[in-house]
Amino acid sequence: MRIPLGPLNIQIKKYRSAIFVVSMKLVLIYGPPGVGKLTVASKLAKMTDYKLFHNHLSIEFVKSIFEFGSKTFNRLVIKFRYEMLENAAKDGINTIFTLVYRKDYDDKYIRKLTRIIESHGGEMVFVRLYCSDKKLLERIKSRNRSKYSKIKNPEKFKELISKNDLKSAISFVKSLAIDTGRHTPEESARKIKEYIRSMDGKSY
């Protein structure tokens, strides 16, 4: 297809819209440890046709060989996530991904992931979960966090929070914000489902 002359950014958007129908949505659910990302994501997956690729899958996979936090570990975790999510976009598979977003540090990663998804006709849906510090600490101590390598020590959690901004919204995107201290996982998942439906008029 020949792209007509005109402002480049406008013509690229027109060109893409002529070629692509949005093939998939990537719902990125982010927030601090203990806020309920995986629980809400699991409920959402059951309510929709979306596949769940949560944060800990890539971590556990790479950690089976490489030391957590090592240079090789970090590189492979990021590479694995990009590969999985890009191929989901290529194949038109609606996907849910969870992430502990670290303000500023993760911005480059988020921007690149967005470019990758959109380059294949996909669309990003950002959901920020939050709750009070008291509720976070209660959940950190919960036994059901033992299945994956989740932080379970309250003191380590306090140290992590004090050294990193893990509660902020991603400043350069629009996010649906949900207080998981006021809403159950089912209610939170329904809010996300309705939000997705409002974006394109589809029902699930």
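Numbers 92 to 295, taken from the working numbering, label the letters of the sequence shown in order.
Don't be surprised by glycine CBs; every beta carbon is placed ideally from N, CA and C.
Since the model is a prediction, treat every value here as computed from it, not as a measurement.
Nearest to residue i (by Cα), restricted to the options the options
| i | options | result |
| --- | --- | --- |
| arginine 219 | Phe159, Tyr286, Ile150 | Tyr286 |
| lysine 194 | Ala260, Met290, Ser223 | Ala260 |
| threonine 139 | Ser149, Phe157, Leu117 | Leu117 |
| lysine 249 | Val264, His274, Lys232 | Lys232 |
| aspartate 224 | His211, Glu214, Lys258 | Lys258 |
| asparagine 255 | Ala179, Met175, Asp197, Ile150 | Asp197 |
| leucine 251 | Lys134, Leu227, Ile283, Thr189 | Leu227 |
| arginine 172 | Phe157, Phe188, Thr163, Gly272 | Phe188 |
| valine 126 | Asp291, Asp270, Glu277 | Asp270 |
| glutamate 229 | Asn244, Val216, Phe217 | Asn244 |
| glycine 272 | Ser253, Asp291, Cys222, Met290 | Cys222 |
| arginine 288 | Leu267, Thr275, His274 | Leu267 |
| tyrosine 141 | Leu204, Arg206, Thr186, Lys170 | Thr186 |
Identity of the residues DSSP links to residue i by a beta bridge
| i | result |
| --- | --- |
| methionine 215 | Leu117 |
| threonine 186 | Leu117, Lys142 |
| valine 220 | The sequence given here has leucine at residue 220, not valine. Ile269. |
CA-to-CA distance, residue j to residue i, given in whole angstroms
| i | j | result |
| --- | --- | --- |
| proline 308 | aspartate 182 | The requested residue 308 is not part of the displayed model; the chain covers only 92 to 295. |
| glycine 160 | glutamate 177 | 24 Å |
| alanine 136 | leucine 143 | 6 Å |
| serine 114 | glutamate 246 | 44 Å |
| lysine 154 | isoleucine 184 | 26 Å |
| isoleucine 103 | serine 210 | Any reading at isoleucine 103 must be qualified, since the residue scores a pLDDT of 49, below 50, and its modelled position is unreliable; the value itself is stated next. Rounded to the nearest angstrom, the two C-alpha atoms are 11 Å apart. |
| serine 133 | arginine 281 | 12 Å |
| isoleucine 150 | lysine 128 | 15 Å |
| lysine 265 | threonine 163 | 32 Å |
| phenylalanine 157 | glutamate 214 | 32 Å |
| isoleucine 201 | phenylalanine 152 | 21 Å |
| asparagine 253 | isoleucine 242 | Note that residue 253 is serine in the sequence shown here, rather than asparagine. Distance between the alpha carbons of serine 253 and isoleucine 242 is about 15 Å. |
| glutamate 174 | histidine 274 | 33 Å |
First through last residue of the alpha helix (DSSP H) which encompasses residue i
| i | result |
| --- | --- |
| leucine 204 | 198-210 |
| leucine 257 | Looking at the DSSP string, leucine 257 is not in any alpha helix (DSSP H), and its letter there is neither H nor E. |
| serine 133 | 128-138 |
| isoleucine 242 | Neither: isoleucine 242 is in no alpha helix (DSSP H) and is coded neither H nor E. |
| lysine 232 | From DSSP, lysine 232 is part of no alpha helix (DSSP H); its letter is neither H nor E. |
Residue interval of the beta strand (DSSP E) (run including residue i)
| i | result |
| --- | --- |
| phenylalanine 157 | Here phenylalanine 157 belongs to no beta strand (DSSP E), and DSSP marks it neither H nor E. |
| aspartate 291 | Note, aspartate 291: premise wrong, no beta strand (DSSP E); alpha helix (DSSP H) at 276-291. |
| aspartate 270 | 266-270 |
Expected contact under 8 Å - CB spacing of residue i and residue j to nearest Å
| i | j | result |
| --- | --- | --- |
| valine 168 | tyrosine 121 | Going by Cβ atoms, the distance from valine 168 to tyrosine 121 rounds to 16 Å, so no, they are not a contact pair. |
| serine 279 | valine 131 | 5 Å |
Closer than 8 Å: residue i CB and nearest the ligand MN heavy atom
| i | result |
| --- | --- |
| glutamate 229 | What this structure holds is no ligand at all, so the ligand MN is not there to describe. |
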